[in-house]
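To keep things clear, I will list the structure first and then write my remarks on it.
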Amino acid sequence: MGLQERVEAMKQQEARRAKPLRQLLMGVDVEKIKETVRQTLKDLPIPESDCPICKGAEWVIPMVNGKPDYAHPRRCKCMREKDFQKRQEMYLRMCELPPATENMTFENYKVFPGLEEACEAARAIAYGNLKWLTLLSEVDRGKTHLAIAICREWLRQGKSAKYAFVPLLLDELRAGFDGKGGNSYQSRFEFFCNVNLLVLDDLGVERASDWAMEKLETIVDYRYIHKLPLVVTTNIALDNYSERIASRLKRSEDSKVVVIKATEYRLRRKQNGTNGNAS
Ligand SMILES: [Zn+2]
50 MGLQERVEAM KQQEARRAKP LRQLLMGVDV EKIKETVRQT LKDLPIPESD CPICKGAEWV
110 IPMVNGKPDY AHPRRCKCMR EKDFQKRQEM YLRMCELPPA TENMTFENYK VFPGLEEACE
170 AARAIAYGNL KWLTLLSEVD RGKTHLAIAI CREWLRQGKS AKYAFVPLLL DELRAGFDGK
230 GGNSYQSRFE FFCNVNLLVL DDLGVERASD WAMEKLETIV DYRYIHKLPL VVTTNIALDN
290 YSERIASRLK RSEDSKVVVI KATEYRLRRK QNGTNGNAS
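Count along the sequence shown from 1, add 49, and you get the number used in our numbering.
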């Protein structure tokens, strides 16, 4: 086939391909379609925004060496507060605080005699002035209230925090974190390792030899090595723990162990006629 013939064959092929489109457009009023599109666009709601920077687009294109860098759009300043609130809400869900503990804040914590040091240390870790805190006391001395108050303060500051009631956490570890919102074991385990603040409420020794307890020790180890904040509440003297956990809690850099010697809340309530702290 000569060149001329080949060009002719290609033209015919092109014509065959274009035919269906021509048939499709036959009888269609293109001007009418254009007008409909114009009207639709006109009626679309324009996002309400007073922002002079992004004019409601929520993103801005930074200039690099005098040229717009379309590959790296940045969130506009006007979205910072909204984004911050969204992040806070997400972190609150991830923290999984126990229900009906909204009142467990520092504002609602009554500093009775014997609780001064614990409260001061809890505030220190809540405001980033301490890395590790162990609150040790017998039951019903208000440790959980302080532990939750610390979490709430971190969340208020827009930082992630995870509250874990240890007996439940051990069950969860043993079960392989299944049934928890479809999260894989690995991702949930990594969350416990890496979350900004981890609170282990009611750490005991009853299942110290357990595989789940070993996993918990790994989390504590990881946080120790990476200098990540940890709060532990317990009613058992640290010497009863495995050497691995006890040494971490006692010797971690920037850590504090507070032994609470306050009266039991139930008794205090009877003596003072007050409500004491929530737990
Ligand atoms: Zn803006």
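The beta carbon of each residue, even a glycine, is placed where N, CA and C say it ideally should be.
Keep in mind that this is a model prediction, so the values were computed, not measured.
query                                                                                                           : result
Closest by C-alpha distance to F238, when choosing among D250, D251, R223 and L252                              : R223
Candidates V56, E107, A311 and E202: closest to Q137 by CA position                                             : E202
Nearest neighbour of L182, chosen from V307, A286 and Y158 [CA to CA]                                           : V307
Cβ pair M282, L252 closer than 9 angstroms                                                                      : As written in the sequence, residue 282 is Thr, which differs from the Met given in the question. Result yes, Cβ atoms of T282 and L252 sit closer than 9 angstroms.
Distance cut-off 8 angstroms: V109 Cβ against heavy atoms of ligand 1                                           : yes
Residue range of the beta strand (DSSP E) that includes A213                                                    : A210 to F214
Which residues DSSP lists as bridging P147, in chain order                                                      : P147 pairs with nothing; no bridge assigned.
Identified DSSP bridge partners for W108                                                                        : R124
Identified DSSP bridge partners for D250                                                                        : F214
Under 9 angstroms between C-beta atoms of D250 and Y212                                                         : yes
Touch test, the stretch 172 to 186 against the stretch 294 to 312, Cβ-Cβ under 8 angstroms, three pairs minimum : yes
Cβ-heavy atom distance, K104 to ligand 1, below 8 angstroms                                                     : yes
N-terminal and C-terminal residue of the alpha helix (DSSP H) that K264 is part of                              : W260 to I274
Buried versus exposed, by CB contacts within 10 Å (16 or more), E221                                            : buried
L298 in three-state terms, based on DSSP                                                                        : helix
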